[in-house]
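Protein chains in written order, with the working numbering: chain A, 255 to 714; chain B, 79 to 1117.
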């Protein structure tokens, strides 16, 4: 997968046409899936937007994240994917992008109130955001009504060879994996605080431009007070410069909300999400726990993926997703014949596989299929290694834990605490903050198998 | 046609560039590859005479002969040696001659053309291009020749080669832009799709030549307009790219500035050139105006687009041209670049004055400009709206609603300007009052009365008792005597008085988890600490646990430690500092882990070999004594590792019992008794460094009973300990020292930056049996000893762990610990990695009182060059206010000590304090501190005010409006009385004005100050000097 490429093929470059009384924005599409199946150039929407300035600024902010690298390791200088992904969910459009450093995810949702007409079809596709179009899009804010087209029925007639835009960009495995994993991480976050428009303005402007170490923000009156260490109710801001794309949207903001996982004093760095409520639209930035570290290595899903039933549950759930903008887990549970917890696990699995996204404001998954051919197999080396350890009979359960032979070393895993301490270097370095090590994962899997086997043996 | 390598070689050797091009023209790629193989030796050349230079260690005899020869005594050198030297010299001279002859051929144009014409790919061609030595601006002939050869050949990698050249960070030889342009004109490549093809254009077309003379001056030999006309294709495409490619404007702006600085005579700038070409009809004027305006709405950096405004002014559009673009000008009011907003406002104002723009459109478009960060932009926009309100009363309701947007601006003077505008015109009937009242909620409290007068005021009444109701309940729940002592403070708070700082003495702190007695727990601790040892308490627990469990059978220890031995060896091998060098605590932990698992000290002999040149890096000397602060822990670690390796088990006297590293008298007696019980049976004896650490950590007030108890167990040790104990608990005083340390800096090059340190004036009690104390108190000349005591700290990433251990060394001398933490904090005064944030964190424990040095460290942390350290210091300020440790008088004294230092920027302190003032009490302490430092901040007769002082006074004024001002100091009153528009005077006036109230958060500040005192009364471990009783020390196994 590491050598994979994504081939874009747009029938024509996306463009902005200025009319006397407004602007037409045509976003060319390439590939993806619709409710009717795979499509080469899907057509999702054609209609007026109720708040053109907000829409233009939101789309530009989303595109800016796609073109950004907030941390550049010397070894990674290959071109990155510049074009956002658009999902049409029957009543809303969602633009998503993922930074080249794999540490920032952006999503701009045009909610039902922002669209004068409902989308024509549902699905997910890549959209072209070329420099000329971006430049022109910046100028539509004050230019009257905005007619947006995501795909077009007309461009199919304009297939002269010279108008076709083709690009190939590498698809690094960690980028793909992070894009999926960020959704699954989002479902573990809770609202940590909320600011009004004026407070949001002041807070974002007061953020330091650079910070070597992660900062923690905790709601204190009309702002988020910054601190150097985690405390209950705080959210992590690793690399405050990564929130820069909130800036151009602040003038339209009504609220700024911060989300993060539950933390306590001494907690390790954690991901966070920052959502601007723009009225009929929302812009959400999700930051990785450290600025030089992407989402791909978080390992938050490993225990979920290690569950032998979850893949099968996901297969049961997937047909019922139905391109819903807000997935009703109860309905799906009934339809698929699964209990609530298993539906949630299956959705987490599907999120990691790029099949669903997570909407923090609505506390709900939504259906979208990333148009990158994402496959979970082989993307989690720790999980693969744990399976190999079990297959090789390297795990021996010892009651309160297990011993796991890895090479010529026998590691000890102790069950009971949240992080399942192990004697390996990985655990020493991360102490559970990036998920279990392969030994702890193998030990848990082995214990789970043993429990199931005992249960089956005891069954009448 | 067949390519003849011999003919190419002959032409290369003759440096006949024309012949080379003729020979290569029409050659096929296979022919070129074959020819390249044949000529490889010619192109690669002989070996360089410098290739063979290797450092050698000469035998002493040879060195002696060389010295003789240098002294002119060659006759005393044996003849065969002289002959050998002669042969070597001749050989080297021959190699040099051959190499220089080849270099002459290789750097000839013909050879370069041949290499390019035969290169197998873009990378090889890029290497070849670097051999050109001419100035690329002047070497048009070379460009012509190179482009000709490449144009004849047109390899498939040509576009990659050109783009690679354009984007290379450094380049030599033929200029990348002229070559790219030439190839574009030849049709050999499409226009390169990289930004540099545009951003390098202004420099490439800027034709100047040096004027002979002593001064560095130039003159323009061709105007940019003429240069563009000489290459007309540029006017169709490349010129327009200057408006769509990021950073092109930054380049162009550079030439606007450069023209007057270095160049003599008439100069045409780029903006003048484009305006001239538009005037002459070579460029579309309308398109140029549009391009300028559109550039501001592109996703360019806000500080890199000013040239477009310059260009626009140069074009000087007519009212008709502007009216046609009114929408674009209004859009500019919402862009992020100040020049763009300014351009939009000026144009919109002109259009409005000329009756070409509707007032309503202009007012509505003004909203984003009223939240622009810079005050000048907002006030200018307010002025324009004021003009509209004056001229067009019908627009007033809408204008008033928009003006209220500026209430949300973070600057109070902007809010004042918005209120003043509304005061002048009044809030007109029909204005959306509800919306405006909502926006008025963001106004500074000091403006609440003004807003209320306009009918926009929020409710400023605050019930003083509300904030204190909780405190009353908590006081009632305390024991009677404690409650009685707090009641006067409660009464004072009820009447609006804000209590001062609490009386804080060092406390033992919270009790630690039980000692490590389980081998598995020890192994898990060591595994983690070998990777990250910043948790100093865990480091101490693990070390004590390893000593305690070293008495286990060797097989059991080896089995338990087996998973971490290999990693430990790798960490030890990678430790640049050597055995217990003090640089990496992780490596120290690896050594302890290894010793515990194997019963031997791994790599103990490393220090003996090859490290003599690094001796200055050691934190522990050969005898095992510490020589730097970091060495105090490493010396103990080394001593413990030796004890562990003996496998006899034991207990460390100095194992901390509390979070601040303290140990109680009872626990110490137990440990002494444990050792005494085994003294006769060959049991382990306490190490000297362990003994010293225990004395430094022993809770104060050890009485006669304690010493007699110890004396009954070990009389000699008790006498020694008692003598040291008395000395290490002596009262110390400190004073700040500013200056550059002596010697070489520990990071970077050149000289030390100015540091803020603390010194102990006068004599310090000498505890000869406690070298750690001697090291800690070696502060008579901290500038002289700074490098020695602070270092080694080359490896910033690991030094945090060393610094984190310092407060545990002397928990009962918090100022002494702060004096050493100040080194790390001072290190962070300039940007760059440093352990400053960690050092600030070391002062965070509420049981660590902040004295003069602690406050000095806090102020230096607030002034740090790194934002995360400032955030940490701001957090410490808030926390120290909340737990009663922050003393505004001490903070003011510290501020006064450093205010005039080159190393400390008051603007950074103001920035950090702004972050600390989310609660009322920290805000009040800031106001108190600024007022207490008024003499320094306002400047006295002998000196002007330090730069940035007005920012602190402005902050105090803003906060004072909320919580009040103690009493306006005379210095500020004097400033406020001046008829001056200086920022200092204006902010002083503002502070004086807000002193009168109302102060809506004063009651809250009073409640928080009372809460700080109450919190101490409610938290026993904050006042206890002896660690809370825990389980007895676990016995060492097998002992």
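Just so it is clear, CB atoms sit at the ideal spot from N, CA and C, and this is done for glycine as well.
Neighbourhood of residue i by C-beta, 6 Å cutoff - its chain only, sequence neighbours within 5 removed
{"i": "residue 1007 (chain B)", "result": "966, 969, 970"}
{"i": "residue 481 (chain A)", "result": "470"}
{"i": "residue 1009 (chain B)", "result": "1044, 1047"}
{"i": "residue 490 (chain B)", "result": "522, 1036"}
{"i": "residue 82 (chain B)", "result": "none"}
{"i": "residue 788 (chain B)", "result": "750, 796"}
{"i": "residue 308 (chain A)", "result": "506, 532, 535"}
Backbone secondary structure at residue i - three-state DSSP
{"i": "residue 352 (chain A)", "result": "strand"}
{"i": "residue 182 (chain B)", "result": "helix"}
{"i": "residue 284 (chain B)", "result": "coil"}
{"i": "residue 784 (chain B)", "result": "helix"}
{"i": "residue 829 (chain B)", "result": "coil"}
{"i": "residue 1070 (chain B)", "result": "helix"}
{"i": "residue 383 (chain A)", "result": "coil"}
{"i": "residue 264 (chain A)", "result": "strand"}
{"i": "residue 983 (chain B)", "result": "coil"}
{"i": "residue 926 (chain B)", "result": "coil"}
{"i": "residue 503 (chain A)", "result": "helix"}
Proximal residues of chain D, C-beta to C-beta of residue i below 7 Å
{"i": "residue 642 (chain B)", "result": "This model lacks chain D altogether, as its protein chains are A and B."}
Cβ-based neighbour list, residue i, same chain, cut-off 7 Å, excluding 5 preceding and 5 following
{"i": "residue 1041 (chain B)", "result": "998, 1001, 1002, 1005, 1077, 1079, 1080, 1083"}
{"i": "residue 785 (chain B)", "result": "796, 800"}
{"i": "residue 449 (chain B)", "result": "483, 486, 487"}
{"i": "residue 333 (chain B)", "result": "280, 284, 347, 348"}
{"i": "residue 531 (chain B)", "result": "none"}
{"i": "residue 912 (chain B)", "result": "874, 902, 905, 906"}
For residue j and residue i, believed in contact at Cβ under 8 Å, the rounded distance
{"i": "residue 499 (chain A)", "j": "residue 614 (chain A)", "result": "Not confirmed; about 17 Å, so no contact."}
{"i": "residue 555 (chain A)", "j": "residue 511 (chain A)", "result": "About 24 Å; that fails the 8 Å criterion."}
{"i": "residue 1102 (chain B)", "j": "residue 586 (chain B)", "result": "6 Å"}
{"i": "residue 1118 (chain B)", "j": "residue 99 (chain B)", "result": "Residue numbering for chain B in the displayed model covers 79 to 1117; residue 1118 (chain B) lies beyond these limits and cannot be assessed."}
{"i": "residue 981 (chain B)", "j": "residue 834 (chain B)", "result": "6 Å"}
{"i": "residue 605 (chain B)", "j": "residue 682 (chain A)", "result": "4 Å"}
{"i": "residue 864 (chain B)", "j": "residue 892 (chain B)", "result": "Between residue 892 (chain B) and residue 864 (chain B) the Cβ distance is about 21 Å, and since that is not below 8 Å, they are no contact."}
Residues of its chain near residue i, where Cβ-Cβ distance is below 8 Å and the 5 sequence neighbours each way are ignored
{"i": "residue 721 (chain B)", "result": "625, 628, 728, 762, 765"}
{"i": "residue 574 (chain B)", "result": "542, 1080, 1081, 1084"}
{"i": "residue 259 (chain A)", "result": "422, 423, 424, 425"}
{"i": "residue 983 (chain B)", "result": "941, 1025, 1026"}
{"i": "residue 688 (chain B)", "result": "The pLDDT assigned to residue 688 (chain B) is 40, lower than 50, so where the model puts this residue is not dependable; a value taken from the coordinates is nonetheless given after this. Nothing meets the Cβ criterion."}
Practice task
List in chain order: all unbroken beta strand (DSSP E) runs of 3+ residues lying wholly within the region 527–615 of chain B.
Solution key: none
Problem - Selection of the region 907–926 of chain B by Cβ proximity to chain A, strictly under 8 Å - result: 911, 915, 918, 919
Handout entry: Contact set between the region 653–683 of chain B and chain A, restricted to residues whose Cβ is under 7 Å from the partner
Key = Correct list: empty, as no residue qualifies.
Exercise for the section: Write down every uninterrupted run of the beta strand (DSSP E) in the region 624–671 of chain B whose length is 3 residues or greater and which is fully enclosed by it, in chain order. Expected result: none
Exercise for the section: Could you list the residues in the region 943–954 of chain B with a C-beta less than 8 Å from some C-beta on chain A, going in chain order? Expected result: Those residues of the region 943–954 of chain B placed with their C-beta closer than 8 Å to a C-beta in chain A are 944, 945, 946, 948, 949, 950, 952, 953, ordered along the chain.
Handout entry: Near-chain A residues of the region 366–397 of chain B - C-beta to any C-beta below 7 Å
Key = 372, 375, 376, 377
Problem - Any alpha helix (DSSP H) of 4 or more consecutive residues that is wholly inside the region 226–286 of chain B - result: 236–245, 254–264, 274–277, 279–282
Problem - chain A contacts from the region 1027–1044 of chain B (Cβ-Cβ distance under 8 Å) - result: none
Handout entry: Those runs of the beta strand (DSSP E) which lie wholly inside the region 477–548 of chain A and span at least 3 residues
Key = 477–481, 489–491, 509–514, 526–531, 535–541
Problem - chain B contacts from the region 651–670 of chain A (Cβ-Cβ distance under 8 Å) - result: 663, 664, 665, 666, 668
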